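As given, the protein sequences belong to chains U and Y, one line each in that order.
Heads up, the first sequence is in this note's numbering, so the first residue is 10 and it goes up one at a time.
Heads up, the second sequence is in this note's numbering, so the first residue is 10 and it goes up one at a time.
2 protein chains.
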Amino acid sequence: MRFPAPLVTLIRELGRLPGIGPKSAQRLAFHLFNRSEGDVEALARALLDAKRGLDRCPRCAHVKEREAPLCAVCEDARRDPKVLCVVEQPADVLAIERSGEYQGLYHVLHGALSPMHGVGPDELTLALLWPRLTDGVEELVLATSTTVEGEATAMYVARSAQERGLRTSRIAYGLPVGGDLEYADEVTLGRAIAHRRPL
Amino acid sequence: MRFPAPLVTLIRELGRLPGIGPKSAQRLAFHLFNRSEGDVEALARALLDAKRGLDRCPRCAHVKEREAPLCAVCEDARRDPKVLCVVEQPADVLAIERSGEYQGLYHVLHGALSPMHGVGPDELTLALLWPRLTDGVEELVLATSTTVEGEATAMYVARSAQERGLRTSRIAYGLPVGGDLEYADEVTLGRAIAHRRPL
Numbered sequence: 010m011r012f013p014a015p016l017v018t019l020i021r022e023l024g025r026l027p028g029i030g031p032k033s034a035q036r037l038a039f040h041l042f043n044r045s046e047g048d049v050e051a052l053a054r055a056l057l058d059a060k061r062g063l064d065r066c067p068r069c070a071h072v073k074e075r076e077a078p079l080c081a082v083c084e085d086a087r088r089d090p091k092v093l094c095v096v097e098q099p100a101d102v103l104a105i106e107r108s109g110e111y112q113g114l115y116h117v118l119h120g121a122l123s124p125m126h127g128v129g130p131d132e133l134t135l136a137l138l139w140p141r142l143t144d145g146v147e148e149l150v151l152a153t154s155t156t157v158e159g160e161a162t163a164m165y166v167a168r169s170a171q172e173r174g175l176r177t178s179r180i181a182y183g184l185p186v187g188g189d190l191e192y193a194d195e196v197t198l199g200r201a202i203a204h205r206r207p208l
Numbered sequence: 010m011r012f013p014a015p016l017v018t019l020i021r022e023l024g025r026l027p028g029i030g031p032k033s034a035q036r037l038a039f040h041l042f043n044r045s046e047g048d049v050e051a052l053a054r055a056l057l058d059a060k061r062g063l064d065r066c067p068r069c070a071h072v073k074e075r076e077a078p079l080c081a082v083c084e085d086a087r088r089d090p091k092v093l094c095v096v097e098q099p100a101d102v103l104a105i106e107r108s109g110e111y112q113g114l115y116h117v118l119h120g121a122l123s124p125m126h127g128v129g130p131d132e133l134t135l136a137l138l139w140p141r142l143t144d145g146v147e148e149l150v151l152a153t154s155t156t157v158e159g160e161a162t163a164m165y166v167a168r169s170a171q172e173r174g175l176r177t178s179r180i181a182y183g184l185p186v187g188g189d190l191e192y193a194d195e196v197t198l199g200r201a202i203a204h205r206r207p208l
C-alpha cells in the first residue's frame, strides 16, 4: 500500500526544507491533513506572499518589502554610515538589533565560505560589499558566526577590508551572560580567559 | 527594526506547525526567502492539493484520495475482514504495512486519549469504530503507541470490544530487533524479560 499521490508530493516538498527529514515531513503532512482547509490555505498564502512580497535590499542584501527601495535599516537616516556590520543571515540582523548595542549599518552575506559545500566568494554578496567600503565607511565589524566557516569568512572579508585601509573588528568570544563556568566548553573558556578585560 | 509584514506572517504560520518553534520557523522562512519562486510555489501548491485532494476513509478514517469511495486498504478485497488493527495515526498504517506481517483491516483513531490535553473518546473516531465491531470482526489488534496515552487508549478500546465478545490483543513489547541490551531502558528490558517466549 502506498500513500495517495497528493500526500506523497506534500511529504516530498516538506522534506526539502532544511532540518526536516522524511519522518518529520510525514508527521507534518498528516498534521496538515487534520487541520482545517482555511488553516492550510493561510500557510500556502503566507508562503506565496512572503516570496512575492519580499526582496533583497540592493544595498546591504538584507530582506526588504518588494516596493520599498531599501531595507528598514538602510532607510533609517539616524544610523551611523561609518560602521558596517557583516553578518551571514538576515536573522542575524534582527538578533543584533535586539541587543540594542549597534547603531551602524549592515551587510548580509547570505551564507559563509564553505569550499566543502561549494560556497565560494562568488556565492556570497561580496560583489555588493566591496563598492560600499569606499563609501565613507571607517570600520567593519565582522559578526559572522564562530563556526569554522564563519571564522574563515570573517578572515577573508577582514583581509580585503584591511587592504582598503579600513579598521576591522570581530565580535567578542567569551562566556554567555548568565552562563555557568562548569558548563562552558574548554575552547570557549580558553578564549574567555585569553580575551579577559581589565576591571 | 521589525521584519516586513509578509515575513512576520510566514514565520507565524510556520510556527503553528508541530515541532517548529519560533527559531526554526524563522530559519525556515529565511530559507524559503532564498529559494526560487518556483520552489515556493511548488510547496504552496502541494499543501493545497493535499488538503483538497485527500479525505478520511468513511470506514476506517485512514487517509484516502477524495474521489475514491474508500482508502486503498479497505478497497483491497484480499484483506482479512475478521481482524481489525487499531492505530493512532495514518502514518502507523504505513509502518505496519511495511512490516508485511499484517493482512487485516485498520481503524485510525487520529489521536490517543489524553484528558490533560482535552482529548476524550469523542475526539477520536470511536463512533466510527463501534459499528464496525458487529460486522463479522473477530479480533481487535491494539497497535496504539506504548506511551501513557497509547496504553490508556488501548485499554479503553479493549474493554469496549471485550464487552462485545471480541478477542483483543496488544502488540508485543520488547527489545527492538538489532538492539543492544546495554542501551535498552530498564522498563523495556523488564517487559522483554516478563514477556519472554519459549524457544
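From the three backbone atoms N, C-alpha and C, an ideal C-beta is built for every residue, glycine too.
Bear in mind the structure is a predicted one, so any value in this text is a computation, not a measurement.
- The beta carbons of U/CYS94 and U/ALA152 sit closer together than 8 Å.
- The C-alpha of Y/PRO13 is placed about 25 Å away from the C-alpha of Y/ALA55.
- U/SER169 has a beta carbon lying at 8 Å or more from every beta carbon in chain Y.
- In the DSSP annotation of this structure, U/CYS66 is not part of any alpha helix (DSSP H), being labelled neither H nor E.
- Proximity to U/PHE42 across U/GLY30, U/VAL17 and U/GLY62 peaks at U/VAL17, based on C-alpha coordinates.
- Straight through space, the alpha carbons of U/VAL117 and Y/ASP48 are spaced by roughly 22 Å.
- U/ARG87 has its alpha-carbon roughly 41 Å from the corresponding atom of U/GLU195.
- In the DSSP assignment, the residues bridged to U/ARG179 are U/LEU151.
- Residue state for U/GLU74 is assigned as strand, using DSSP reduced to three classes.
- When only Cα atoms are considered, Y/VAL146 and Y/LEU57 end up about 37 Å apart.
- The count of Cβ pairs closer than 8 Å, one atom from the region 187-201 of chain U and one from the region 24-44 of chain U, stays below three, leaving the stretches out of contact.
- The residues TYR111, in chain order, have a CB closer than 6 Å to that of Y/ILE105 in the same chain once the five nearest residues on each side in sequence are set aside.
- Against U/GLY30, chain Y offers no close residue; the least beta-carbon distance is about 11 Å (beta-carbon pairs closer than 9 Å).
- Not one beta carbon of chain U lies nearer than 8 Å to the beta carbon of Y/ARG205.
- Sixteen is the threshold: when 16 or more other Cβ atoms of the shown chains lie within 10 Å of the Cβ of U/ASP101, as they do, the residue is buried.
- Short of 8 Å from the beta carbon of Y/ASP89, and not among the five residues preceding or following it, lie these beta carbons of its own chain, in chain order: GLN112, GLY113 and LEU114.
- With contact defined as three or more Cβ pairs closer than 8 Å, the region 65-83 of chain U and the region 18-26 of chain Y are not in contact.
- Under a criterion of Cβ atoms nearer than 7 Å, the residues of chain Y adjacent to U/ASP58 are, in order, PRO15 and THR18.
- It is roughly 36 Å from the alpha-carbon of Y/ARG205 to the alpha-carbon of Y/ALA136.
- With contacts defined by Cβ atoms closer than 8 Å, U/THR155 and U/ALA121 do not form a contacting pair.
- With 16 or more other Cβ atoms inside 10 Å of its own Cβ, U/GLU22 counts as buried.
- Judged by their CB atoms, U/VAL128 and U/VAL92 are not nearer to each other than the 8 Å cut-off.
- In this structure, the CA atom of Y/GLY188 is about 45 Å from the CA atom of U/LYS60.
- Under a criterion of Cβ atoms nearer than 7 Å, the residues of chain Y adjacent to U/PRO99 are, in order, PHE39.
- Scanning the region 117-151 of chain U from its first residue to its last, the whole beta strand (DSSP E) runs of 3-plus residues come out as 148-151.
- For Y/HIS119, the nearest CB of chain U lies under 8 Å from its own CB, placing it at the interface with that chain.
- If the five residues before and after U/ARG179 are omitted, its C-beta is found closer than 7 Å to the C-beta atoms of LEU151 and ALA163, all from its own chain and listed in chain order.
- In terms of Cα proximity to Y/ALA181, the closest of Y/GLU160, Y/CYS80, Y/ASP144 and Y/GLY24 is Y/GLU160.
- In this structure U/LYS73 is buried. Its beta-carbon is surrounded by 16 or more other beta-carbon atoms within 10 angstroms.
- When Cβ-Cβ separations below 8 Å define contact, Y/GLU76 makes no contact with chain U.
- Nearest neighbour of Y/LEU133 by Cα position, chosen from Y/VAL157, Y/GLY62 and Y/VAL96, turns out to be Y/VAL96.
- In this structure, the alpha-carbon of Y/GLY62 lies about 21 Å from that of U/ARG25.
- Against chain U, a Cβ distance below 7 Å from Y/GLN35 picks out ALA100.
- DSSP places Y/TYR115 in the strand class (E or B) of the three-state scheme.
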